[in-house]
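If you read the sequences in order, they're chains A and B. In case it helps, this note's numbering puts the first sequence at residues 69 to 426. In case it helps, this note's numbering puts the second sequence at residues 14 to 171. A virtual CB, placed ideally from N, CA and C, is assigned to each residue, including glycine.
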Amino acid sequence: MARTIIPFGPQHPVLPEPIHLDLVVEDEKVIEARPSIGFIHRGLEKLVEKKDYVEFVYVAERICGICSFIHGQTYCQAVEAIMNVSVPPRALYLRTIWGELSRLHSHLLWLGLMADAMGFESLFMHSWRVRERVLNIIEATTGGRVIFGSCKIGGVRRDIDADGFQNMLAELTQIERDIREITKVFIHDNSVKARLGGVGVLSRQDAYDLGCVGPTLRASGVAQDMRQLGYAAFKDLQVEPITRPEGDSYARCSVRCEELLQSIDLIRQAISKIPAGEIAVKVAGNPNGEFIARTEQPRGEVAYCVKANGTKNLQRFRVRTPTFANLPALVKMLQGCELADVPVLVLTIDPCISCTER
Amino acid sequence: MSTGTDQTFETVTIATLLDKVGAMRKEGYRLVQIGATRLPEQVELTYSFDLDNRLANLRLQLPAAEARVPSISSIYWCAFLYENELHDLFNLQVDGMAVDFHGHLYETAVKFPFGSTKAPVAKPAPAPAAGQPASKATVEPAASSNPAQPVSTLDFRL
Numbered sequence: 069m070a071r072t073i074i075p076f077g078p079q080h081p082v083l084p085e086p087i088h089l090d091l092v093v094e095d096e097k098v099i100e101a102r103p104s105i106g107f108i109h110r111g112l113e114k115l116v117e118k119k120d121y122v123e124f125v126y127v128a129e130r131i132c133g134i135c136s137f138i139h140g141q142t143y144c145q146a147v148e149a150i151m152n153v154s155v156p157p158r159a160l161y162l163r164t165i166w167g168e169l170s171r172l173h174s175h176l177l178w179l180g181l182m183a184d185a186m187g188f189e190s191l192f193m194h195s196w197r198v199r200e201r202v203l204n205i206i207e208a209t210t211g212g213r214v215i216f217g218s219c220k221i222g223g224v225r226r227d228i229d230a231d232g233f234q235n236m237l238a239e240l241t242q243i244e245r246d247i248r249e250i251t252k253v254f255i256h257d258n259s260v261k262a263r264l265g266g267v268g269v270l271s272r273q274d275a276y277d278l279g280c281v282g283p284t285l286r287a288s289g290v291a292q293d294m295r296q297l298g299y300a301a302f303k304d305l306q307v308e309p310i311t312r313p314e315g316d317s318y319a320r321c322s323v324r325c326e327e328l329l330q331s332i333d334l335i336r337q338a339i340s341k342i343p344a345g346e347i348a349v350k351v352a353g354n355p356n357g358e359f360i361a362r363t364e365q366p367r368g369e370v371a372y373c374v375k376a377n378g379t380k381n382l383q384r385f386r387v388r389t390p391t392f393a394n395l396p397a398l399v400k401m402l403q404g405c406e407l408a409d410v411p412v413l414v415l416t417i418d419p420c421i422s423c424t425e426r
Numbered sequence: 014m015s016t017g018t019d020q021t022f023e024t025v026t027i028a029t030l031l032d033k034v035g036a037m038r039k040e041g042y043r044l045v046q047i048g049a050t051r052l053p054e055q056v057e058l059t060y061s062f063d064l065d066n067r068l069a070n071l072r073l074q075l076p077a078a079e080a081r082v083p084s085i086s087s088i089y090w091c092a093f094l095y096e097n098e099l100h101d102l103f104n105l106q107v108d109g110m111a112v113d114f115h116g117h118l119y120e121t122a123v124k125f126p127f128g129s130t131k132a133p134v135a136k137p138a139p140a141p142a143a144g145q146p147a148s149k150a151t152v153e154p155a156a157s158s159n160p161a162q163p164v165s166t167l168d169f170r171l
């Protein structure tokens with residue numbers, strides 16, 4: 069049978085950001101998928117030669133508009149490790165709370181996009197309606213909805229007072245009620261099950277061998293979550309990786325649904341345990357050394373490789389983002405799939421091209 | 014439980030790289046990333062692996078001029094993505110990649126090699142014609158020693 073190459077992207081209704089796939093198909097079956105990226109490559113790693121290590125926090129936060137806070141946090145953690153900075157415990161808890169709020173709004177964004185890709189428009193609208201409530205909390209506590217600007221080397225810039233936490237807890241109660249209602253549809257609705265079940269199965273061994281991270285890895289049964297490293301306040305909180313054994317698109321969706329409730333629980337734990345005290349320490353001098361910081365972003369493990377030589381500009385700054393690590397698995401999943409399943413499979417790794425095109 | 018600060022750096026050579034990576038694969042390590050740092054006289058490669066949240070790094074230093082390294086994609090198939098990135102952004106020649114994009118992984122406006130070891134050459138702007146505003150200097154990327162090749166048939170099978 070003759071082979072045809074169908075270009076998918078960089079502009080495509082299911083892609084919020086540009087990535088290109090050359091799909092080699094026989095009839096309606098995908099034989100190969102050849103990815104290419106770079107359409108919005110910004111060279112942010114190179115920018116570290118121009119910006120000093122303190123102001124580079126702003127650049128790190130702008131790598132992505134969804135998990136922006138955790139990008140800034142991970143960068144700060146790397147520099148703080150090199151400079152042996154002891155971040156005040158209250159700041160670590162605040163970082164944890166804002167990080168989990170980021171995960172909440174990222175997963176809700178993804179659920180909406182997935183519903184939209186399945187043609188389930190009302191579910192898409194409900195997902196994003198709830199996401200707005202999370203963004204409102206973020207705006208109330210940081211002043212920003214996309215870029216928080218709250219993390220800095222040595223701590224955080226803003227505190228949350230007792231009233232702020234009470235309001236957050238009250239709002240989280242409403243959000244949890246809404247999330248339970250929405251995720252009930254994602255998990256139990258027959259049309260969702262039929263669309264996602266058995267599509268794009270990634271075995272446990274393949275997921276691990278292909279270097280997958282985050283929900284993509286955990287949905288294949290591998291219990292790996294960087295929050296278990298105990299960074300920020302996670303060393304004081306109960307966090308267990310949420311896994312599913314199936315490894316298909318439905319499992320990846322289910323893991324994210326359950327992680328929404330897990331994030332709400334972690335925020336509540338953090339609020340109940342947050343200590344009083346300072347929110348930042350003064351940092352003087354320039355970093356000299358090397359460290360690789362890893363955290364759990366909504367899409368999985370991110371690795372920040374920072375190398376400093378005692379000057380105000382870092383010698384090297386490299387980010388390995390979760391989407392980059394999940395691309396080989398996407399290529400593998402697309403082999404042999406039906407052409408109509410390609411949009412769903414691309415979405416199930418929750419691709420963040422801004423992160424990839426740092 | 015690892016705290017995230019447990020990370021080791023072990024120096025390897027080109028001769029020992031594949032053996033060492035193969036040993037890590039046998040031990041069950043996951044490939045986390047491959048990154049490069051351009052030093053004044055050298056290119057420094059870091060291969061990062063994870064096992065039970067412990068981070069183990071292999072450090073390889075190569076001469077900056079005509080840096081070549083063997084691919085580890087025969088051991089860790091997913092390494093092809095990092096290696097094509099090294100090729101496209103750092104002008105590093107990686108021999109034997111499982112999937113070779115020939116400089117077309119990064120479809121940037123500036124064609125391969127995006128990260129040439131040679132700095133871009135700034136040309137002085139031509140003198141403006143009378144009555145015309147001065148234009149900005151034009152910047153041309155350094156000449157490539159490996160012009161972009163068309164993408165060949167790719168083998169994505171594990």
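Answer with yes or no whether the minimum CB distance from residue i to chain B is below 8 Å.
i	result
A/I360	yes
A/Q141	no
A/F392	yes
A/P157	no
A/P396	yes
A/Y161	no
A/L297	yes
Go to residue i, then tell me how far its beta strand (DSSP E) extends in each direction, as first and last residue.
i	result
B/R216	Nothing can be reported for residue 216 of chain B, as the shown portion of chain B is limited to 14 through 171.
B/A69	67-76
B/S61	55-64
A/A319	Where A/A319 is concerned, there is no enclosing beta strand (DSSP E), although the alpha helix (DSSP H) it sits in stretches over 317-341.
B/E23	20-25
B/R81	81-83
For residue i, does the three-state DSSP call read helix, strand or coil?
i	result
A/H175	helix
B/T130	Because B/T130 sits at a pLDDT of 43, beneath the cut-off of 50, its placement in the model cannot be relied upon, and the following sentence gives the value as read from the coordinates. Three-state result, B/T130: coil.
A/L89	strand
A/I105	strand
B/E120	coil
A/P75	strand
A/V349	coil
B/D108	strand
A/G180	helix
A/T311	coil
A/Q242	helix
B/F114	coil
A/C423	helix
B/W90	coil
A/M401	helix
A/Q306	coil
A/A393	helix
B/A147	Low confidence applies here, because B/A147 scores a pLDDT of 41, under 50, leaving its location unreliable; read the following figure in that light. Coil, per DSSP.
A/P81	coil
Which residues share a DSSP beta bridge with residue i?
i	result
A/Y372	A/A361, A/V387
A/S57	Since the first and last residues shown for chain A are 69 and 426, residue 57 of chain A lies out of range.
A/K97	A/E94, A/E406
A/N377	A/N356
A/G223	A/K220, A/A348
Is residue i close to chain A? Criterion is C-beta to C-beta, closer than 8 Å.
i	result
B/V56	no
B/H117	yes
B/T21	no
B/V82	no
B/A155	Summary for B/A155: the model assigns pLDDT 36, below 50, so the residue's position carries little reliability, and this model does not support an answer.
B/L73	no
B/R67	no
B/Q106	no
B/T24	no
B/S87	no
B/V45	yes
B/G48	yes
B/T10	Because chain B is modelled from 14 through 171, residue 10 of chain B falls outside the range shown and cannot be assessed.
B/L99	no
Along chain E, which residues have their Cβ under 9 Å away from the Cβ of residue i?
i	result
A/H88	Any reference to chain E falls outside this structure, whose protein chains are A and B.
Would you mind reading off the limits of the alpha helix (DSSP H) that contains residue i?
i	result
A/R201	189-210
A/Q145	136-151
A/Q273	272-277
A/P283	282-286
A/A128	124-129
Members of the region 102-122 of chain A near chain B, C-beta cut-off 9 Å
R102, P103, S104, I105, G106, F107, H109, G111, E113, K114
Looking at chain B, which residues of the region 344-375 of chain A have a Cβ within less than 9 Å of any of its Cβ atoms?
E358, F359, I360, A361, R362, T363, E369, A371, C373, K375
By the 7 Å beta-carbon criterion, what residues does the region 404-424 of chain A contribute toward chain B?
none
Along the region 255-271 of chain A, where does the CB come closer than 9 Å to a CB of chain B? Name the residues.
none
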